[in-house]
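**Q**
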Ligand SMILES: [Cu+2]
């Protein structure tokens with residue numbers, strides 16, 4: 002239902018949407034009830050000729066129930082909101098499903114850079130693909146991200162995924178997402194990070210596995226793409242290097 006009003010492109014987007022819907026419906030219902038009662042009371046007890054003003058201290062039993070009953074109802078409604086909110090938080094931020102892929106996300110004033118494994122599927126090898134401002138991912142794959150900052154506090158946000166995570170200099174923060182809809186979506190920085198903050202936009206392109214494999218192959222270093230591994234040094238060569246070091 003909410004899909005009509007905002008695009009949801011990750012597996013946990015609807016968990017967050019339903020949490021917002023729950024809050025909106027519960028709070029909205031009580032807002033309407035409270036306003037209706039207030040206007041009814043204003044109308045019922047409006048000034049009338051010949052009717053003296055009542056002075057109500059609120060200490061009598063028949064009046065205190067007007068405070069205690071709504072108070073208990075508010076606490077019950079809080080529980081109805083807080084319990085699913087904790088479950089959503091736990092499932093998104095505390096649980097890490099096994100990764101199919103890993104991407105490194107580096108924030109800096111004022112750009113996003115990304116690093117992911119090339120066709121060999123191993124990070125930190127010569128065929129890694131590095132991009133700026135544009136992250137290509139595969140649909141229906143669970144991604145772990147390693148988020149870092151080169152300078153100040155930034156925040157990595159993909160509204161269509163309902164993903165938002167602060168990036169702190171000196172720390173690597175891990176999280177996850179699983180895109181489930183092919184398309185191009187915004188990446189934003191959502192922490193005021195300096196003069197160019199408003200320009201710090203990027204995009205994430207969710208592709209089919211075939212399109213993603215083709216993109217990886219095309220953007221990986223042509224010299225190393227297709228090589229299985231960097232060959233080990235032959236024994237005599239390493240001994241020669243050891244001799245040189247001596
Ligand atoms: Cu920023």
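In my numbering, the protein residues as written are 2 to 247.
No residue lacks a Cβ here, since even glycine has one placed at the ideal position from N, Cα and C.
For residue 18, report the span of its alpha helix (DSSP H) as first-last.
**A** It spans 14 to 45 - the alpha helix (DSSP H) in which residue 18 sits, taken as one unbroken run.
**Q** Say the cut is 7 Å; is the CB of residue 202 nearer than that to a heavy atom of ligand 1?
**A** Every heavy atom of ligand 1 is 7 Å or more from the Cβ of residue 202, so no.
**Q** Would you tell me roughly how many angstroms separate the C-alpha atoms of residue 27 and residue 86, rounded to the nearest one?
**A** Each residue's Cα considered, the two are about 14 Å apart.
**Q** Alpha carbon to alpha carbon, how far is residue 21 from residue 50?
**A** Their backbone Cα atoms lie some 48 Å apart in a straight line.
**Q** Please report the distance separating the alpha-carbon of residue 144 from that of residue 80.
**A** One C-alpha to the other measures close to 32 Å.
**Q** Tell me which same chain residues have a C-beta within less than 6 Å of the C-beta of residue 153, skipping the five on either side of it?
**A** Excluding sequence neighbours, residue 153 sits near 194.
**Q** Report the residue from 113, 95, 119 whose alpha carbon sits nearest the alpha carbon of residue 102.
**A** Cα-wise, what sits closest to residue 102 is 119.
**Q** Using the rule of at least 16 other Cβ atoms within 10 Å of the residue's Cβ for burial, across every protein chain shown, is residue 177 buried or exposed?
**A** By the neighbour-count rule (16 or more Cβ atoms within 10 Å), residue 177 is buried.
**Q** Quickly, what does DSSP pair residue 179 with across the bridge? List them, please.
**A** According to DSSP, residue 179 bridges with nothing at all.
**Q** Would you check if the distance between the CB atom of residue 139 and the CB atom of residue 208 is smaller than 8 Å?
**A** In this structure, residue 208 lies closer than 8 Å to residue 139 by Cβ.
**Q** Going by DSSP, what residue range makes up the alpha helix (DSSP H) through residue 79?
**A** Residue 79 -> alpha helix (DSSP H) spans 62 to 90.
**Q** Under a three-way DSSP split, which group does residue 149 fall into?
**A** Reduced to three states, the DSSP call for residue 149 is strand.
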